[in-house]
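S.K.: FYI, in this note's numbering the residues of the first sequence are 1 to 487.
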Amino acid sequence: MAELKLYDTLTREKRLFAPLDPARGVRMYVCGPTVYDFAHIGNARPVIVFDVLFRLLRHLYGADHVTYVRNITDVDDKINKRAFERWTHERPLTAEIRALTDQTLAQFHADVDALGCLRPTHEPRATDFVCRPEPSALDMVKIIERLIARGHAYVEQGHVLFDVPSMPAYGRLARRSLDEMVAGARVDVAPYKRDPMDFVLWKPSDPEKEPGWESPWGFGRPGWHIECSAMSGALLGEMFDIHGGGIDLVFPHHENEIAQSCCAFGTERMANFWMHNGFLMVEGEKMSKSLGNFITIRELLASDRFGGQNWVGDVLRLAMLKTHYRQPIDWTVEGLNESTNTLDDWFRLAAPDQPAEPSPAVIAALSDDLNTPKTIAELHALRNHIRVPQQGQDAEELGRNLAFLGFDRAQFAAWQKGREHAVLQALGGIDEADIGRLIAARLAARKARNFAESDRIRDELAAKGIALMDAKDPATGELTTTWKVAR
RNA sequence: GGCCUCGUGGCGGAGUGGCUACGCAGCGGACUGCAAAUCCGUGUACUCCGGUUCGAAUCCGGACGAGGCCUCCA
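(1) The beta strand (DSSP E) spanning Lys484 covers which residue range?
(2) Assuming contact is defined by CB atoms lying nearer than 8 Å, are Ala126 and Asp198 in contact in what I supplied?
(3) Please name the residue, chosen from Gly465, Val30, Cys262, Phe347, that lies closest to Val69 on a Cα-to-Cα basis.
(4) Who does Leu6 pair with in a DSSP beta bridge?
(5) I want to know whether the stretch 426 to 443 touches the stretch 451 to 463 - three or more CB-CB distances under 8 Å.
(6) Taking the CB atoms as reference points, tell me whether Leu201 and Phe162 lie closer together than 8 Å.
(7) Check the C-beta distance from His243 over to Met270 and give it rounded, since I have them as a contact under 8 Å.
(8) Inspect the beta-carbon positions of Ala497 and Arg383 and report whether they are closer than 8 Å.
(9) For the alpha helix (DSSP H) containing His380, name the first residue and the last one.
(10) Report yes or no: do the stretch 336 to 347 and the stretch 282 to 292 share at least 3 C-beta pairs separated by less than 8 Å?
(11) Put Leu236 into one of helix, strand or coil per three-state DSSP.
(12) Quick one, which of Val423, Pro168, Asn450 has its alpha-carbon nearest Ala467's?
(13) Taking DSSP's pairing of strands, which residues face Thr267 in a bridge?
(14) Rounded C-beta distance between Leu343 and Asp314? I'm assuming under 8 Å.
(15) Tell me which residues share the same chain as Ala413 and place their Cβ nearer than 6 Å to its Cβ, disregarding the 5 neighbours each side in the sequence.
(16) Can you tell me the Cβ-Cβ gap for Thr9 and Val164, rounded? I've got them flagged as a contact below 8 Å.
(17) Which complete beta strand (DSSP E) runs does the stretch 120 to 207 hold, if anything under 3 residues is left out?
(18) State the CB to CB distance for the pair Thr67 and Thr121, rounded to an integer number of angstroms; the pair is presumed to be in contact (CB under 8 Å).
(19) Tell me, which residues are paired with Glu285 by DSSP?
(20) How about Arg305 and Ile295: do their beta carbons lie closer than 8 Å?
(21) Measuring straight from C-alpha to C-alpha, what distance separates Pro22 and Met28?
(22) According to DSSP, is Val312 part of a helix, a strand, or is it coil?
(23) Along the chain, where does the alpha helix (DSSP H) containing Thr342 start, and where does it finish?
(24) Roughly how many angstroms separate the alpha carbons of His159 and Ser261, rounded to a whole number?
(25) Judging by CA-CA distance, which residue of Thr104, Phe129, Pro358 is the nearest neighbour of Ala83?
(26) Just to confirm my understanding: we take Ala361, look at its own chain, exclude 5 residues before and 5 after, and list those with CB closer than 7 Å. What are they?
(27) Hey, could you find the ends of the beta strand (DSSP E) Leu60 is sitting in?
(28) When burial is assigned at 16 or more other CB atoms within 10 Å of the CB, is Asn80 buried or exposed?
(29) In chain order, what residues of the same chain lie with their CB nearer than 8 Å to the CB of Pro352, ignoring the 5 residues before and after it?
(30) Determine the contact status of Arg317 and Gly406, defining contact as a CB-CB distance below 8 Å.
(31) If you draw a straight line from the alpha carbon of Arg91 to that of Met320, how long is it in whole angstroms?
(32) Helix, strand or coil: how does DSSP classify Ala356 here?
(33) Hey, how far is the Cα of Arg437 from the Cα of Asp345?
(34) Grab me the residues of Lys78's own chain with a C-beta within less than 6 Å of its C-beta, minus the 5 sequence neighbours each way, in chain order.
(35) So, for Gly184: in the same chain, excluding its five sequence neighbours on each side, which residues have a beta-carbon less than 8 Å away from its beta-carbon?
(36) Keeping to the same chain, check which residues put their C-beta closer than 8 Å to that of Lys193; ignore five residues upstream and five downstream.
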């Protein structure tokens, strides 16, 4: 088996990976979306990156020996606010919230399916893990009770707070000491906090406008971080192999998860490897609503807001994987165009209908901390060995690797076809049959060595953005002409 | 203010203490009536200043620049 090396944010080093408990397989948890609105392209990065890791792990350890959990945050103040705003009082507020989160989750699934991502093994919803009746079923309330019992949390004015000073190792992931953080002085001071760094595990809810659950501390709802401790604990165990997410989650989210899980379970570590993907910029600028460059996955797939056209999931996927996951990535129209051309070339040469099976060189590249740029270079090397398009071992090997990496030839081809149609529609008064007739007329003119006429037809089509390509049939030597939309 | 990351050729983007990826664009050639497409070939790099070393773009220190986190955020 190839050696898998992964970078661990906690120790800041690349280490050899091995499952903590081979009998339980590889266990991975990745922070998923808060379902209140369309996911943006920055949200797509961890989804794609950890999908590639999931595929790699399944290949290395067997599909049945990898458990991938990606949570759905469906209790959150942004959700509450959004649901309350659109609430018409025709149904209970909780039903309104559920409708909003169901709808957003369906959108999210459609988006990530289009991006070629496999569904995780489990996609737990936070609301299903607040309070579970069976005594043995781990949930948020039970973790909070354990934290209180162990002296790591306290109740104050209906809130339960994590007692940060009670955990000496707090701050290890983010590499910052308590003194430094307090010196930052931008922490939220609240009367119910003993220490400014203490964070909320449970808070009271207003039954009129907020969702809530009955608990030993009154009607309320969980704080942001506790859901991940509960769901990872319930589905993966007290310690598991890999915990992933965006780098901006390192502090405070993951730091607080570690504090909760380790203090509740009495463990040294929560995850053996902490993996964080880098930040995404759009055309060199931070993506933000105020700059007007905020872009959702859906807008990229189904509108012309970015670059004046829509894009297919495969292009977004390749564009994302061209940069190593820990590097910052600049999301540009030029990058999407380049990815489009690369896929066009690969699919032109790769043999169709191949099973998903990676080459050793691809596995080796991915096994080096998910080096996807190196992986892509291996694909280019393979591509350069292909002598006859779609035929021979190299063409089959390229096809197998593309399938393994989650690229979908049919989806890409359908999109290309759609773009052609759109261009022809925009031209108006010309369709594929017309083009076929013009091509035939040009071939006839060429045969008659009437080059003025044949060039005139070619120029006429070129002016409309249709490029002609001549080729000789290798068998008959007959001249054939194909066309494509030149953009 | 504190902490962290990064700075590679025209562009994108890996990697490495000595053999200097890869892709796009450019350039040259083949093919073509001429093109396009395709195929073959090809130049250019490691922000700056010190230090360690036989040797550094790669390690160390500093400067400058970019970004992130410290508050919701992938």
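Virtual Cβ for every residue (Gly too), placed ideally from N, Cα, C.
M.R.: According to the structure data:
(1) By 1-based counting over the first sequence, the position of residue 484 is 484. Note, Lys484: beta strand (DSSP E), 479 to 485.
(2) Position 126 of the first sequence, counting from 1, holds the residue named residue 126. Position 198 of the first sequence, counting from 1, holds the residue named residue 198. Contact flag unset, no.
(3) The residue you call residue 69 lines up with position 69 of the first sequence. Ranking the options by Cα distance to Val69, first place goes to Val30.
(4) Your numbering for residue 6 matches position 6 in the first sequence. Among the bridge pairs identified by DSSP, Leu6 is matched with Arg15.
(5) Yes, the stretch 426 to 443 is in contact with the stretch 451 to 463.
(6) As a working mapping, residue 201 is identified with position 201 in the first sequence. As a working mapping, residue 162 is identified with position 162 in the first sequence. The answer is yes: Cβ separation under 8 Å.
(7) Sequence index remark: in the first sequence, residue 243 carries index 243 (1-based). Sequence index remark: in the first sequence, residue 270 carries index 270 (1-based). His243 to Met270, Cβ: 7 Å. Contact.
(8) This structure cannot settle anything about residue 497, because the visible part of the chain is limited to 1 through 487.
(9) For the purposes of this step, residue 380 is identified with residue 380 of the first sequence, where counting begins at 1. That run of the alpha helix (DSSP H) goes 372 to 385.
(10) Flag = no, the stretch 336 to 347 and the stretch 282 to 292 do not touch.
(11) Residue numbering aside, residue 236 sits at position 236 when the first sequence is read from its first letter. For Leu236, the three-state secondary structure derived from DSSP is coil.
(12) As a first step, residue 467 is located in the first sequence; it is residue number 467 there, counting from the start. Of Val423, Pro168, Asn450, the residue nearest in Cα terms is Val423.
(13) Here residue 267 refers to the residue found at position 267 when the first sequence is read from its first residue. Beta-bridge pairing by DSSP links Thr267 to no other residue.
(14) Mapped onto the first sequence, residue 343 falls at position 343. Mapped onto the first sequence, residue 314 falls at position 314. Yes, they are in contact, since the Cβ atoms of Leu343 and Asp314 sit about 6 Å apart, within 8 Å.
(15) Position 413 of the first sequence, counted from the start, is the residue given in the question as residue 413. Cβ neighbours of Ala413 beyond the five flanking positions: none.
(16) Locating residue 9 in the first sequence gives position 9, where the first residue counts as 1. Locating residue 164 in the first sequence gives position 164, where the first residue counts as 1. Going by Cβ atoms, the distance from Thr9 to Val164 rounds to 20 Å, so no, they are not a contact pair.
(17) If one requires a minimum length of 3 residues, the beta strand (DSSP E) runs lying completely within the stretch 120 to 207 are 153 to 156, 159 to 162, 199 to 204, in chain order.
(18) Here residue 67 corresponds to residue number 67 of the first sequence, with the count starting at 1. Here residue 121 corresponds to residue number 121 of the first sequence, with the count starting at 1. Indeed they touch by this definition, with Cβ atoms about 5 Å apart.
(19) Position 285 of the first sequence, counting from 1, holds the residue named residue 285. For Glu285, the pairing in a beta bridge is given by DSSP as Val282.
(20) Locating residue 305 in the first sequence gives position 305, where the first residue counts as 1. Locating residue 295 in the first sequence gives position 295, where the first residue counts as 1. Their beta carbons are under 8 Å apart, which means Arg305 touches Ile295 by this criterion.
(21) Within the first sequence, the letter at position 22 stands for residue 22. Within the first sequence, the letter at position 28 stands for residue 28. Here the C-alpha atom of Pro22 lies approximately 13 Å from the C-alpha atom of Met28.
(22) The sequence position of residue 312 within the first sequence is 312, counting from 1. Secondary structure at Val312: coil, using DSSP grouped into helix, strand and coil.
(23) The count along the first sequence starts at 1 and reaches residue 342 at position 342. 333 to 349 is the span of the alpha helix (DSSP H), which, as asked, contains Thr342.
(24) Position 159 of the first sequence holds residue 159. Position 261 of the first sequence holds residue 261. Roughly 19 Å between the two C-alpha positions.
(25) Sequence index remark: in the first sequence, residue 83 carries index 83 (1-based). Minimum Cα-Cα distance from Ala83 among the listed residues Thr104, Phe129, Pro358 corresponds to Thr104.
(26) Indexing the first sequence from 1 puts residue 361 at position 361. Contacts found: Glu378.
(27) Here residue 60 refers to the residue found at position 60 when the first sequence is read from its first residue. Not the beta strand (DSSP E): Leu60 falls in the alpha helix (DSSP H), residues 41 to 61.
(28) Mapped onto the first sequence, residue 80 falls at position 80. Label assigned to Asn80: buried.
(29) Reading the first sequence from its first residue, position 352 is the one you call residue 352. For Pro352, where only same-chain residues beyond five positions count, the Cβ hits under 8 Å are Gln390, Gly399, Arg409.
(30) In the first sequence, counting from the first residue as 1, residue 317 sits at position 317. In the first sequence, counting from the first residue as 1, residue 406 sits at position 406. Yes, Cβ-Cβ distance for Arg317 and Gly406 is below 8 Å.
(31) The residue labelled residue 91 in the question sits at position 91 within the first sequence. The residue labelled residue 320 in the question sits at position 320 within the first sequence. If I take the Cα positions, the gap works out to 41 Å.
(32) In the first sequence, counting from the first residue as 1, residue 356 sits at position 356. In this structure, Ala356 counts as coil in the three-state DSSP scheme.
(33) For the purposes of this step, residue 437 is taken as residue 437 along the first sequence, with counting starting at 1. For the purposes of this step, residue 345 is taken as residue 345 along the first sequence, with counting starting at 1. Taking the straight line from one Cα to the other gives about 27 Å.
(34) Translated into positions along the first sequence, residue 78 becomes position 78. So the qualifying residues of the chain are Tyr36.
(35) Taking the first sequence and counting its residues from 1, the one referred to as residue 184 is at position 184. Bear in mind that the predicted position of Gly184 carries a pLDDT of just 47, short of 50, making it unreliable; the figure below should be weighed with that in mind. In the same chain as Gly184, and ignoring 5 residues on each side of it, no C-beta atom comes closer than 8 Å to its own.
(36) As a first step, residue 193 must be located in the first sequence, where it is residue number 193. When the five nearest sequence neighbours on each side are left out, the beta carbons in the same chain lying within less than 8 Å of the beta carbon of Lys193 are those of Glu156, Leu161, in order along the chain.
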